[in-house]
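Take 774 as the starting number for the sequence shown in this note's numbering and just add one per residue. Everything below concerns the one structure shown next.
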Amino acid sequence: MNAILETKQQWEKQTVEPALSRFPERAEVFETPSGIPVERTHLPAGPTEPDYLEKLGFPGQYPFTRGAQPTMYRSRLWTMRQYAGYASAEESNARFKFLLEQGQTGLSVAFDLPTQIGYDSDDPLAAGEVGKAGVAVSSLQDMETLFEGIPLDKVSTSMTINAPAAILLAMYIAVAKRQGVDQAKLRGTVQNDILKEYVARGTYIFPPRPSMRLITDLFAYCKQHVPRWNTISISGYHVREAGSTAVQEIAFTLANAIAYVEAALLAGLAVDDFAPRLAFFFGAHNNLLEEVAKFRAVRRLWARIMRERFGTQDPRSWRLRFHTQTDGCTLTAQQPENNVVRVTLQALAAVLGGTQSLHTNSRDEALSLPTEQSVQIALRTQQIIGHESGVADTVDPLAGSYYVEYLTDQIEARARAYIDEIEEMGGALAAIEAGYVQTEIEQAAYQHQQAVEEGSAVVVGVNRFRVEETRELDLLRFNPAIEQAQREKLGRLRTRRDSDRVAELLGQLEPAAVAAGSGALLPVLIACVEGDVTIGEICGVLRRIWGEYRPGTVV
């Protein structure tokens, strides 16, 4: 034990104290309300296993079980990043400003379904969906309006966009240029995770292989021009929303991550050039301690995969950083006030598990898009956890719990078994094409639903403790006039823009698309959106070149 304490003192002097020097307001001595001192990082009080440091390590050090950063929330709290976007760019801009005024520390953009699958708002296939599930963005004009009055060098922005991620990033870069902001200063994330779309979410456009080239093209461009941007957010959240278990969530996510790393290596990128900018996105479910253990296990798994399998040398390449969203699939339309409690437990799990940023769902999201009052309560939930609960005062406060460490080991081992099985099939892409991943998720979802219907899995207010509800929530009502207004705005854009320039730019797009994966496509996309080419027109060219994905039947 003396050796561990000696190592801890050395680690604090070399790592923790320099980190805390940048945050003097958080460097003071912490105490509980009873006056009990709280150390930055707690270790066992007595003798411990000889492999303690090898298995758990210190926060911010391999294998990162105890946290991605050495000081975690003792230096600063996680980024409070509420997911928002609906109807028009004007209304979404107003919601962003409201959230920033309420203390949100990062933006997270939800796009409507037509935008997510590469159709303009005036496309016949977009009818009835414009602005419903997120904000409608068809052109650079929409993107400019979305971020009007929000300096892009002062905020970190996450965009949940996948198949057309490169196009939306091109728009974001173009808006920054018009604001006079150097793209090298931009901070944020595009989700850009197409593999999970084929198994869990469904907003794909192109077949897997050209989609992977598009992703590695974005990797290459950002390495050179947007170095602070997270080029992908590899998502387990949507896998969990589709019905997976916690083990499956991290196993399938890491299997996809391995596929992205391999694709980038095949494209000629050096692993330590792009791996530090890989980010992850997980859900937080209701079983508090399993979720905490899940986050600890996935960090350790990824660190070992990157160091042992890919031979990365940069410690930043070993470090898994992740955003968390409380799981929407757990929310109920019945007794929606109960959702505040569910979200609190899930947010607490994310914080105890060491998340880097967090979105908390609103109580009314099983019924509609959330009202301002609901999102304020959801944001206040994070702020209360951060400032009043005490769980952020020390790093990894549950470390050493017999149960938490047991769960962490079990989840890691079971997820590793899944990853090994997928590797034997030829990797994530082959497993997806064979329908293996989809079948595993569907079986887990069916088993859970069966348990709910039989009553062995209790959902309060749904299959137990039900009440007759007489009061209606004040819900956000969607204005159907938004769609017509968006169509008219696009019509005016098409009339006033330089049609010859549009044709010229679309002509440049085809050879760049054929060479995708080399970094050649992003500059052309930026030029296209600056020339008022729409997302639908760009995706139309790419559809013609690459084709569209049509899922097979999985039995």
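Glycine is no exception: its CB is placed at the ideal position from the N, C-alpha and C atoms.
- Judged by their CB atoms, residue 1192 and residue 1027 are nearer to each other than the 8 angstroms cut-off.
- Burial state of residue 946 is buried, judged by a 10 Å Cβ sphere holding 16 or more other Cβ atoms.
- In the three-state reduction of the DSSP assignment, residue 1246 falls in the coil class.
- Using a Cβ distance threshold of 8 angstroms, residue 1127 and residue 1068 count as a contacting pair.
- With fewer than 16 other Cβ atoms inside 10 Å of its own Cβ, residue 1043 counts as exposed.
- Burial is judged here by how many other beta carbons sit within 10 angstroms of a residue's own beta carbon; residue 1264 has fewer than 16 and is exposed.
- Rounded to whole angstroms, the gap between the alpha carbons of residue 1079 and residue 954 is 34 angstroms.
- Scanning 937, 1074 and 978 for the CA closest to the CA of residue 1187 turns up 1074.
- Residue 1008: member of the beta strand (DSSP E) spanning 1005-1008, first to last residue.
- Within the segment 1125-1177, the runs of beta strand (DSSP E) that reach at least 3 residues and sit entirely inside it are, in chain order, 1130-1132.
- Around residue 1100, the same chain offers 1013, 1014, 1056, 1057, 1058 and 1119 as residues with beta carbons nearer than 7 angstroms, after the five sequence neighbours per side are excluded.
- Per DSSP, the continuous alpha helix (DSSP H) segment holding residue 1090 begins and ends at 1088-1091.
- Scanning the segment 1265-1299 for uninterrupted alpha helix (DSSP H) segments of 4 residues or longer gives 1272-1287, listed from N- to C-terminal end.
- Cβ-Cβ separation between residue 1155 and residue 1131: approximately 6 angstroms, consistent with a contact (criterion under 8 angstroms).
- Judged by DSSP secondary structure, residue 816 falls outside any beta strand (DSSP E); it is assigned neither H nor E.
- By the neighbour-count definition (other C-beta atoms within 10 Å, threshold 16), residue 806 is an exposed residue.
- Annotation for residue 1098: the continuous beta strand (DSSP E) segment containing it runs 1095-1099.
- In the displayed model, residue 1204 falls within a helix according to three-state DSSP.
- Shown here, residue 880 sits in a strand according to DSSP, grouped into three states.
- Excluding the 5 residues flanking it on each side, residue 1135 has same chain C-beta neighbours closer than 6 angstroms at 1143, 1147, 1148 and 1151, in chain order.
- Distance from the CA atom of residue 829 to the CA atom of residue 1171, rounded to whole angstroms, is 12 angstroms.
- Cβ neighbours of residue 983 within its own chain (closer than 6 angstroms, five residues either side excluded): 1319.
- In the DSSP annotation of this structure, the continuous segment of the beta strand (DSSP E) that includes residue 961 starts and ends at 960-963.
- Between residue 925 and residue 932 a beta carbon distance of about 12 angstroms is seen, past the 8 angstroms cut, so the two are scored as non-contacting.
- Per the Cβ contact rule, the segment 861-877 is not in contact with the segment 1198-1217 (fewer than 3 Cβ pairs under 8 angstroms).
- Nearest C-alpha to residue 923 among 904, 802 and 949: 949.
- Taking the CA atoms as reference points, residue 994 sits about 8 angstroms from residue 1293.
- Measuring C-alpha to C-alpha distances from residue 1031 to each of 1195, 1311, 1309 and 938 identifies 1195 as the nearest.
- For residue 918, the enclosing alpha helix (DSSP H) begins and ends at 913-919.
- In this structure, DSSP gives residue 1319 a helical state, which the three-state scheme calls helix.
- Here DSSP, grouped into helix, strand and coil, assigns residue 793 to helix.
- By the beta-carbon neighbour count (other beta carbons within 10 angstroms, threshold 16), residue 1309 is buried.
- Within the same chain, Cβ atoms closer than 8 angstroms to the Cβ of residue 1085 are found at 1044, 1045, 1048, 1079 and 1091, the five residues on either side in sequence being excluded.
- Residue 1230 carries a coil assignment under DSSP once its states are collapsed to helix, strand and coil.
- With contact defined as three or more Cβ pairs closer than 8 angstroms, the segment 996-1013 and the segment 963-974 are in contact.
- Take the alpha-carbon of residue 1034 and the one of residue 992: they are about 10 angstroms apart.
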